[in-house]
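The sequence shown begins at 190 in this note's numbering and counts up by one.
Each residue gets a CB set at the ideal place from its N, CA and C atoms; glycine is no exception.
Structure, as structure tokens:
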Amino acid sequence: MISASILSADFSRLKEEILDVIEAGADRIHLDVMDGHFVPNLTFGPPIIRSLGKIPKPMDAHLMVTNPEAYLDAFAELGCEVITVHVEAAHHLHKLLTEIRDLGCKAGVSLNPATPAVSLEPVLPFTDEILVMTVNPGFGGQKMIPEVLEKMRQIRRMIDASGQDIVLEVDGGIKVENIASAAAAGATRFVVGSGIFKSADYQMTIAALKEKISVTTSSGMIV
Ligand code: DX5
Ligand code: ZN
Numbered sequence: 190m191i192s193a194s195i196l197s198a199d200f201s202r203l204k205e206e207i208l209d210v211i212e213a214g215a216d217r218i219h220l221d222v223m224d225g226h227f228v229p230n231l232t233f234g235p236p237i238i239r240s241l242g243k244i245p246k247p248m249d250a251h252l253m254v255t256n257p258e259a260y261l262d263a264f265a266e267l268g269c270e271v272i273t274v275h276v277e278a279a280h281h282l283h284k285l286l287t288e289i290r291d292l293g294c295k296a297g298v299s300l301n302p303a304t305p306a307v308s309l310e311p312v313l314p315f316t317d318e319i320l321v322m323t324v325n326p327g328f329g330g331q332k333m334i335p336e337v338l339e340k341m342r343q344i345r346r347m348i349d350a351s352g353q354d355i356v357l358e359v360d361g362g363i364k365v366e367n368i369a370s371a372a373a374a375g376a377t378r379f380v381v382g383s384g385i386f387k388s389a390d391y392q393m394t395i396a397a398l399k400e401k402i403s404v405t406t407s408s409g410m411i412v
């Protein structure tokens, strides 16, 4: 499943870009919300997303903000399927995740490259998706940090041992050339930004990404 991160889209034609990438085969639209504090970049908030009107595919809000609790209602009202908060930005992570679920959204938790997998252990029962950052968050177009894949394998094993239905998603520097390594490490959903939006043909790129995933998963080369 490919989630297209709009961070690298042409913001002057944002609605068109979103419809184009959905037409090209993106399964979900990934909203990178940044506040300039949690990460050294400032992107967009609810008013911009609201201005886009109806988006014909699910959206997931990746909140890279210091106070995610202030934005849960707004992104739930926008109809986000998943709201993802960072371990590092949550003083009360359990409370945040349960509030997201109470709003009718799926609860996502993300961790930066240096944050250990064990920090997720206590909140697995309250989590629907885990978003593993394979770059230091804040910008699109960065190189994947391959060492994080070992942590991805560890989280894959944690999820499998928990017996829970938790989606493992990777985010940052994912391209046609390296998506197989993320799939082999146990990811089942892939956020791709510049790998799609900076490519010449969205359809061809997404088809190539999906092909790499299916070859890896069907060959059983997981973890
Ligand atoms: C980074 C964001 C990612 C990023 C992905 O802080 O969370 O979603 O936009 O973009 P690429 O695929 O270009 O690394
Ligand atoms: Zn993201």
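Taken atom to atom, the span from the alpha-carbon of A369 to that of P247 is near 24 Å. For F233, the three-state secondary structure derived from DSSP is coil. Using a C-beta cut-off of 8 Å, the region 263-273 makes no contact with the region 303-312, since fewer than three inter-stretch Cβ pairs fall below that distance. The DSSP-derived three-state label of S388 is coil. Sorting T406, L292 and L313 by C-alpha distance to the C-alpha of T377 places T406 at the top. DSSP, read as helix, strand or coil, puts M190 in coil.
Within 7 Å of the C-beta of H219 there is at least one heavy atom belonging to ligand 2.
In the three-state scheme derived from DSSP, where H, G and I count as helix and E and B as strand, M341 is classed as helix. When secondary structure is reduced to three states using DSSP, T405 falls in the helix class. In this structure, ligand 2 has no non-hydrogen atom nearer than 7 Å to the beta-carbon of V274. Per DSSP, K295 is not a residue of any alpha helix (DSSP H); the beta strand (DSSP E) it occupies stretches across K295 to L300. In the three-state reduction of the DSSP assignment, E358 falls in the strand class. Residue pairing of M322 in beta bridges, as defined by DSSP: D360. When distances are taken from the beta-carbon of D224 to the heavy atoms of ligand 2, even the shortest one reaches 7 Å or more. C-alpha of L208 to C-alpha of A396: approximately 16 Å in a straight line. If you draw a straight line from the Cα of M347 to the Cα of P302, it is about 17 Å long. In the DSSP assignment, H280 falls outside any beta strand (DSSP E) and carries neither an H nor an E. Relative to the non-hydrogen atoms of ligand 1, the Cβ of L292 never comes closer than 7 Å to any of them. Shortest gap from the CB of S351 to any heavy atom of ligand 2: 7 Å or more. The Cβ atoms of F386 and S192 lie no closer than 8 Å to each other. In terms of CA proximity to S299, A278 leads the group K284, A278, E288 and I289.
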